[in-house]
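Beneath this line is the structure, given in structure tokens, with notes to follow.
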Amino acid sequence: MHNEKPAWWKEGIVYQVWPRSFKDSNGDGIGDLRGVIDKLDYIKSLGVDIIWLNPVYKSPNDDMGYDVSDYRAINPEFGTMADMDELLQKAHQKGLRIVMDLVVNHSSDEHAWFKESASSRDNPKADWYYWRDKPNNWGAWFGGSAWEYVPARNQYYLHVFSKKQPDLNWENPEVREAIYSIMRYWGDKGIDGFRFDAVTRYSKDLTFKDTPPDSTGYGFPACMNGPKEHVFLREMYRKVLSHYDWMTVGEGGGSTPRSTWPYVNPSKHELGMVFVGPHTGVGRPRYGNGYDESGFDLPRFKAIIDEWQRGMDGHGWMGWYLENHDQVRSINRWGNTGIYWKESGKMLATLLLFLRGTPYIYMGEELGMVNYPFRKKEEIRDLEAMNDYVVLNKRGYAPDHIWKILRMTSRDNCRTPMQWNDQGNAGFSTGKPWIEVNPSYQDINVEAEEKDPDSILHYWRKAIQVRKAHPTAIYGSFRLLCPKDTQVFAFTRKDQEHELLIVCNFTNVHARYEIPKEFRGAEKLIGNYENEPGILLHAYECYVLERNI
Ligand code: ISL
Ligand code: CA
């Protein structure tokens, strides 16, 4: 057996719902909570256990809900608190848990706390945000300076993200108590946990020294794993988390496994797990360094995953994703949107579901949804993509080049409506959707894939069942094979009773792969081609073998 302490959130599989684009129940073009309620049976049918709901709190939507103006209210465009209560109740009835997003590194500038704080230098909340007489050189994640001037105080406030997302002053115990009380409010409603947005940035280096400027001309905010980070999280654990059987997942950890241990080492009493994203950075075009067209470096991708898989084993639990609302569609990055669309979609499912750690599936990923063919400014909704558009224009990039980059990077790619059928607006809404529907919906949609026994959707369902039936896939240790191979990602998972071999061809051509001796004749649990594994893998072929020890 293994020495990992079992927990429901280690064994469970998460399905991420970005509510604005999941299902619109009232024809206003915006997905909502009733839409999620209507689709609970579909979510359940996937075999997943946990729904992570992106922010549904009241928000002016500068950053699509990641700018909260009231943590105790539901954004009216998503429905009412009664809808939220009903969602919790119905999900629980079906054996699904609900985890909410907690966005407390910053609030909205329209939150009552900030309005009061910004009104003068001596109001009761004067100290709830970071106010300084002079800005330093830090840049904001969404462009421009990280400091914004407010005449009423003749001072600047810090915003690591957009200027409508002022950073909350975690040094102030009143702020922390206010946050804990919000958490208890939702805990009392019966939610099953939180995903902690930007958790590594709660604590700031209070010297606010300039940092070396990057290609944008600004310095990177020195507030990752700040000096009091773990002090704050331990206090939060003591005062709140220890009182609930919650799933707690931090967005990001340290930059290495070692600096991530304290966040999730059970003896430290902070969070249950983190997910990290460096694997999604491999081969990602970034305007900051010019458009990187060098393509995808599989050995690098494997090395990063290997570093985290082994580096965290025995030190704390992790979650893994290939897609989320900040990413683009995985099939465009690592798969094939042409003739091998199906095969590559299944291959990516196999990779995600057999890594060590809780898998996070993003809505539409189970269908093999693809990126949107962006080609005009009016199609952009996301403030990050909008800022990139402005920066790239300023740098004199040709329009074709700009669109090529945004089609590969814009967060809007993952935010187009879920594709339910081949009817109007892909069955998402009877009104005009808030963002364009991806034209691929004629072929890629739930209804079509339900009918096709060989679909990506059915493969996910099957692979999920295989993972669940094999504890080795959940707790077994990870070992990377053939690290230098530029076509094949192969690894094993092992405990004292079983060993699994997972093999994935990441290319659209044959690849040679010799099965290790001990796996010859082992049982094939799942794969995306009919044949028994041979010495040559087909394009994007994948399979999982199991042997007894
Ligand atoms: O800063 C980063 C890496 O050093 C980013 O990856 C950062 O952690 C990420 O952009 C934070 O994302 C989250 O918070 C944002 C929001 O826009 C995203 O949607 C959310 O996932 C601000 O709340
Ligand atoms: Ca709606």
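Heads up, the sequence shown is in numbering that gives the first Met the number 0, so the first residue is 0 and it goes up one at a time. In this text, a Cβ means the ideal position worked out from N, Cα and C, and glycines have one as well. These numbers come from a predicted model, not from an experiment.
Pairwise C-alpha distance: residue j and residue i
i: Ala-538; j: Ala-521; result: 22 Å
i: Asp-213; j: Leu-456; result: 43 Å
i: Asn-187; j: Leu-347; result: First, the residue type needs correcting, since residue 187 is Asp and not Asn in the sequence shown. Taking the straight line joining both Cα atoms gives about 38 Å.
i: Asn-386; j: Leu-157; result: 19 Å
i: Ser-68; j: Phe-518; result: 56 Å
i: Leu-350; j: Ala-117; result: 48 Å
i: Cys-541; j: Ile-330; result: 15 Å
i: Asp-494; j: Ser-476; result: 7 Å
i: Pro-150; j: Tyr-458; result: 58 Å
i: Arg-332; j: Ser-409; result: 13 Å
i: Glu-378; j: Trp-319; result: 30 Å
i: Thr-415; j: Asp-121; result: 45 Å
i: Tyr-236; j: Ile-97; result: 20 Å
i: Val-487; j: Ile-514; result: 12 Å
i: Thr-485; j: Trp-130; result: 50 Å
i: Val-55; j: Tyr-65; result: 9 Å
i: Arg-328; j: Met-63; result: 19 Å
i: Tyr-155; j: Thr-215; result: 21 Å
i: Ser-266; j: His-469; result: 28 Å
i: Phe-373; j: Arg-406; result: 6 Å
i: Thr-279; j: Gly-533; result: 30 Å
i: Asp-204; j: His-229; result: 13 Å
i: Gly-30; j: Asp-421; result: 18 Å
i: Met-0; j: Pro-220; result: Because the pLDDT of Met-0 is 48, which lies under 50, any placement of that residue in the model is unreliable, and the question is left without a value.
i: Trp-316; j: Gly-94; result: 23 Å
i: Arg-299; j: Arg-283; result: 12 Å
i: Ile-548; j: His-497; result: 5 Å
i: Ser-454; j: Glu-448; result: 5 Å
i: Val-281; j: Ile-303; result: 9 Å
i: Leu-544; j: Val-508; result: 22 Å
i: Asp-132; j: Thr-471; result: 56 Å
i: Asp-27; j: Phe-295; result: 40 Å
Buried versus exposed call for residue i [16 or more other C-beta atoms within 10 Å across all chains shown]
i: Lys-549; result: Any answer about residue 549 is impossible in this case: the structure gives the chain only from 0 up to 548.
i: Tyr-474; result: buried
i: Glu-173; result: exposed
i: Ile-525; result: buried
i: Asn-104; result: buried
i: Asp-312; result: buried
i: Thr-255; result: exposed
i: Trp-112; result: buried
i: Lys-345; result: buried
i: Gly-287; result: Because Gly-287 carries a pLDDT of 49, less than 50, the predicted location of this residue cannot be relied on, and the following value inherits that uncertainty. Under this definition Gly-287 is an exposed residue.
i: Pro-75; result: exposed
i: Lys-38; result: buried
i: Lys-301; result: buried
i: Ser-343; result: buried
i: Glu-269; result: buried
i: Pro-438; result: exposed
i: Thr-206; result: exposed
i: Ala-197; result: buried
i: Glu-147; result: buried
i: Trp-7; result: exposed
i: Ala-397; result: exposed
i: Ser-202; result: buried
i: Glu-464; result: This sequence places Gln at residue 464; Glu is not what is there. Exposed: under 16 other Cβ atoms inside 10 Å.
Cβ-Cβ separation, residue j to residue i (assumed contact under 8 Å), whole Å
i: Val-263; j: Val-273; result: 6 Å
i: Asp-100; j: Arg-194; result: 5 Å
i: Leu-352; j: Pro-358; result: 5 Å
i: Phe-21; j: Met-368; result: With a Cβ gap of about 12 Å, Phe-21 and Met-368 do not count as contacting.
i: Asn-171; j: Trp-127; result: 6 Å
i: Ile-611; j: Val-47; result: Summary: the structure shown does not reach residue 611, with the chain confined to residues 0 through 548, and so no result is reported for it.
i: Trp-502; j: Leu-536; result: The question names Trp, but residue 502 is Val in the sequence shown. About 7 Å separates the two Cβ atoms, so the contact holds.
i: Leu-479; j: Asp-209; result: Leu-479 to Asp-209, Cβ: 40 Å. No contact.
i: Ser-106; j: Leu-45; result: With a Cβ gap of about 34 Å, Ser-106 and Leu-45 do not count as contacting.
is_contact[residue i, chain C] using C-beta, thresh 8 Å
i: Trp-130; result: You won't find chain C in this structure, because it holds only one protein chain.
Counterpart residues of residue i in DSSP-defined beta bridges
i: Cys-541; result: Cys-503
i: Ala-510; result: Leu-536
i: Gly-216; result: Answer by DSSP bridge pairing: none, since Gly-216 is not bridged.
i: Arg-546; result: Glu-498
i: Leu-479; result: Phe-490
i: Val-248; result: Arg-194, Met-272
i: Tyr-156; result: Trp-130, Glu-147
Checklist entry - Quick one: complete beta strand (DSSP E) runs, 3+ long, within the segment 21-97? => result 49-52, 69-73
Checklist entry - Which whole runs of the alpha helix (DSSP H) in the segment 346-401 are 4 residues long or more, in chain order? => result 382-393
Next on the checklist: At 4 residues or longer, what runs of the alpha helix (DSSP H) sit wholly inside the segment 261-326?
Outcome noted: 297-311
Item to check | By C-beta, the residues closer than 6 Å to any heavy atom of ligand 4, given in chain order | outcome: Among the ligands modelled here, namely ligand 1 and ligand 2, ligand 4 does not occur.
Checklist entry - Enumerated in chain order, which unbroken segments of the beta strand (DSSP E) with a length of 3 residues or greater are wholly contained in the segment 404-484? => result 476-480
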